[in-house]
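Numbering (the numbering used here), first residue to last: 1 to 609.
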Amino acid sequence: MCGIVGYTGGEQAKLVLFEGLRRLEYRGYDSAGVSIISPKGELNRVRVVGNLDALGSTLATAELHGTTGVGHTRWATHGAPSEENAHPHHDCKGDIAVVHNGIIENFVQLRAELQGSGHVFRSETDTETIAHLIEENYNGDLVEALRRSLKAVHGAFAIVAVHREHPGLIAAARRDSPLVLGSGEGEMFVASAVPAFLARTNRVLFLQDDEVLSVTPDGYAISTLEGETVAREPVEVEWDLDAAEKGGYEDFMLKEIDEQPRAVADTMRDKFDDSGGVYLEGLGVTAEEARRLRRIVVVACGTAFHAGLMAKYLFERWAALPVEIEIASEFRYRNLVVTSEDLVVAISQSGETMDTLAGVREAGRRGARVIGVCNTVGSMMTREVNCTIYTHAGPEIGVAATKTFTTQMTAMYLLAMLLGRLRGEVSDEKYSRVMDELKGMPDRMYEVLEDDAGVRAAAEKYHGCEDFLFLGRSVGYPIAMEGALKLKEISYIHAEGYPAGEMKHGPIALLDENVPVVAVVPRDSVYEKMISNIEEVRARGAPVLAVATAGDDEISQICEDVLRVPATMDMLYPLLTVIPLQLLAYHIAKSRGCNVDQPRNLAKTVTVE
Ligand code: M6R
1 MCGIVGYTGG EQAKLVLFEG LRRLEYRGYD SAGVSIISPK GELNRVRVVG
51 NLDALGSTLA TAELHGTTGV GHTRWATHGA PSEENAHPHH DCKGDIAVVH
101 NGIIENFVQL RAELQGSGHV FRSETDTETI AHLIEENYNG DLVEALRRSL
151 KAVHGAFAIV AVHREHPGLI AAARRDSPLV LGSGEGEMFV ASAVPAFLAR
201 TNRVLFLQDD EVLSVTPDGY AISTLEGETV AREPVEVEWD LDAAEKGGYE
251 DFMLKEIDEQ PRAVADTMRD KFDDSGGVYL EGLGVTAEEA RRLRRIVVVA
301 CGTAFHAGLM AKYLFERWAA LPVEIEIASE FRYRNLVVTS EDLVVAISQS
351 GETMDTLAGV REAGRRGARV IGVCNTVGSM MTREVNCTIY THAGPEIGVA
401 ATKTFTTQMT AMYLLAMLLG RLRGEVSDEK YSRVMDELKG MPDRMYEVLE
451 DDAGVRAAAE KYHGCEDFLF LGRSVGYPIA MEGALKLKEI SYIHAEGYPA
501 GEMKHGPIAL LDENVPVVAV VPRDSVYEKM ISNIEEVRAR GAPVLAVATA
551 GDDEISQICE DVLRVPATMD MLYPLLTVIP LQLLAYHIAK SRGCNVDQPR
601 NLAKTVTVE
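Now the structure itself:
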């Protein structure tokens, strides 16, 4: 999330920075800005709310001369999209400009300390802290000031900074957020991704974690946070510009599927306090209130609804709370008696889905406390709920939700565990066990992503089928629903997701050798029951494609095809089992020649009822 660009060379930075930001627009588009050092040694800045069209119109008439500067296009994480919160951020004196991608976890503490030393803050962002920290540490050497500042910073960052006293110099650094140098002839670029400068140079150098970069038009130097020199040469990339805009991927959907481990880690990053307890900013539910809760009501649509359906099992199991889960568009037609003793959880990637917003308003009218789970800072939903739990999936451009689903489930794991703790339903031992496992899930997700070839082979085999049945039990049931939704959305194949035990009450009549059944069957507490259902399917001649746990040999003996996920706790399997289903839908759709990023008839955000 967020696109950053720095330039130093012989051309007008305004044009070069804007061109670079255009190439990174997919990374964020709620506000944007540039700061440029003028020939007189002033630092001039332009920032606007909105996408890059808005910045382009303002820049067209702005008197902004100079050949060194930084630019940013924002996907808000801290503070609503506004001019004050847009990057670049300046220090008190307006000497230093900073652009940043990532999350500074200890910014509240750092800001308080800096304010104590007289620094005046003008935004709500975590990024502004860095500008003030550099100011505090500056004694004539910008790169050294950045290095010193970063020693105090916790979290993820890609930072690019300039100082008006050093025209022609860019200082940059990274940790857990991408940053790449583009090395041209008499000009240099620093950006979040190669597309920003690929039209001008294909000689690139990828910065590593905790490295600091010093860049001038004719050269660069890399050093560690401790000041040791690092020798590394640029390499030539062969990408063509169009492909590189998707980071080298053919489609945004595949890129977003692959980004899931990172997105899940980012979603967890700001949700633990210093003692390791789940901390959900602004939740404000006391132990007493949690114990008095009567019920949880979840409202959502589409994929977000499936995240809610999965969470129903968590709230019941971990927090001993009854749960009503409602498709948002039906919420208002039910005479659901919602009171102040109920907690309503609305889940929406965009925060702008009309049906979900209507549910939020209805719940508010009835006096319930409403929590939003949302990916979009400043969206309508976040302004109408009592508290928002942000997922940090970053911009999702493919219409089919993928990384926003796994991050929504992550947020729900944390909420359910926190409520369970507050209500005294979860022991310390269980809490630590589950949270340790959850923190390790991004690594396991990477493992699942490695078997793309297996999924591709299964897609090749089944892509001609016109009907699919997806089956699961317990938390595998919402995953079966989500797998079926993904397949129908992007491949236009008829698919149904069903609780496996319900199959014999109707859908079994559909089965024959032309209807593949996708079974979500990890080694969990309902495994034996799933095996019985698979046997029922086989008896009708339908082929079975299983998503099962690595090392489970029994399943290979009864299913035609098996896609594997690593072992984990029963309740956490959904973060793994959904990935092969996303990839299956993707590869089947590609084999059928479908446009996976923009499937027919669908919109990314549905703002009508
Ligand atoms: O922005 P939201 O999460 O509120 O969107 C809800 C649904 O419209 C969305 O999940 C939709 O079902 C996706 N296309 C699913 O891939």
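Glycine included, C-beta positions come from ideal geometry on N, C-alpha and C. Predicted model only: the values in this text are computed from it and were never measured.
Identified DSSP bridge partners for residue i
i: Val48; result: Ala32
i: Gly467; result: In the sequence as presented, Gly is not what sits at residue 467; that position holds Asp. DSSP, once it has assigned bridges, lists His494 as partnering Asp467.
i: Ser591; result: According to DSSP, Ser591 bridges with nothing at all.
i: Asn101; result: Ala158
i: Tyr7; result: Gly69 and Phe189
i: Glu226; result: In DSSP, Glu226 forms no bridge with anything.
i: Glu655; result: What the structure shows of the chain is the stretch from 1 to 609, and residue 655 is not part of that stretch, so it cannot be assessed.
i: Ile327; result: Ala300
i: Leu619; result: Absent from the structure is residue 619, since the part of the chain shown begins at 1 and ends at 609.
i: His89; result: Val98
i: Glu236; result: Arg203
i: Pro499; result: Gly472
i: Ile37; result: Leu43 and Thr68
i: Leu181; result: Val190 and Leu205
i: Arg74; result: Ser31
i: Gly219; result: Thr216
Closest Cα partner of residue i within the set the options
i: Leu198; options: Val162, Glu11 and Leu21; result: Leu21
i: Pro599; options: Phe272, Gly3 and Leu487; result: Leu487
i: Gln12; options: His65, Ser427, Glu228 and Gly367; result: His65
i: Val16; options: Ala54, Asp91, Ala196 and Leu343; result: Ala196
i: Tyr527; options: Ala546, Glu113 and Gly541; result: Ala546
i: Gly398; options: Cys465, Gly308, Leu225 and Glu256; result: Glu256
i: Pro88; options: Ala112, Thr127 and Leu414; result: Thr127
i: Gly140; options: Pro516, Leu169, His100 and Thr605; result: Leu169
i: Thr201; options: Ile296, Gln208, Glu185 and Glu211; result: Glu185
i: Ala319; options: Arg334, Ile296 and Phe331; result: Ile296
i: Leu293; options: Val323, Phe272, Leu357 and Gly276; result: Val323
i: Leu572; options: Gln557, Arg523 and Ser556; result: Arg523
i: Ile579; options: Ala603, Phe272, Met253 and Thr129; result: Met253
i: Phe272; options: Ile588, Glu105, Pro39 and Gly394; result: Glu105
i: Val235; options: Lys461, Thr406 and Arg203; result: Arg203
i: Gln582; options: Glu259, Thr376 and Arg383; result: Glu259
i: Val377; options: His78, Ala221 and His505; result: His78
i: Thr73; options: Glu326, Ile130 and Asp30; result: Asp30
i: Ala411; options: Arg232, Met435 and Asp218; result: Met435
i: Arg174; options: Asp452, Val160, Ala539 and Ser532; result: Val160
i: Glu330; options: Ile4, Ala358, Asp53 and Lys604; result: Ala358
i: Glu341; options: Arg47, Gln349 and Ala290; result: Ala290
i: Gly10; options: Pro217, Thr129, Leu52 and Ile389; result: Pro217
C-beta atoms of residue i and residue j nearer than 7 Å
i: Ala416; j: Phe315; result: yes
i: Thr267; j: Thr67; result: no
i: Ala400; j: Gly372; result: no
i: Val70; j: Ala32; result: no
i: Leu24; j: Arg164; result: no
i: Pro566; j: Val475; result: no
i: Asp251; j: Val596; result: yes
i: Val562; j: Ala548; result: yes
i: Ala263; j: Lys403; result: yes
i: Pro516; j: Phe468; result: yes
i: Ile490; j: Cys387; result: no
i: Leu133; j: Leu179; result: no
i: Gly497; j: Ala509; result: no
i: Gly28; j: Trp75; result: yes
i: Ala287; j: Leu422; result: yes
i: Thr356; j: Ala328; result: yes
i: His119; j: Leu142; result: no
i: Val108; j: Pro81; result: no
i: Pro39; j: His306; result: no
i: Gly177; j: Phe157; result: Inspection of the sequence shows that residue 177 is occupied by Ser rather than by Gly. Closer than 7 Å, so yes.
i: Glu384; j: Val360; result: yes
i: Ala635; j: Leu584; result: Residue 635 falls outside the range modelled here, since the chain spans only 1 to 609, and no answer is possible.
In the stretch 276 to 309, which residue ranges form an unbroken alpha helix (DSSP H) of at least 4 residues, counting only runs that do not cross its ends? Runs of the alpha helix (DSSP H) inside the stretch 276 to 309: 287 to 292.
Which runs of the beta strand (DSSP E), 3 residues or longer, sit entirely within the stretch 379 to 425? Within the stretch 379 to 425, the complete beta strand (DSSP E) runs of at least 3 residues are 387 to 390.
Quick check on the DSSP output: what are the complete beta strand (DSSP E) runs of length 3 or more inside the stretch 331 to 375, in order along the chain? Counting only runs of 3 or more, we get 342 to 348 and 369 to 374.
In chain order, each alpha helix (DSSP H) run of at least 4 residues that lies wholly inside the stretch 104 to 163: List check, alpha helix (DSSP H) in window: 107 to 116, 128 to 137 and 142 to 150.
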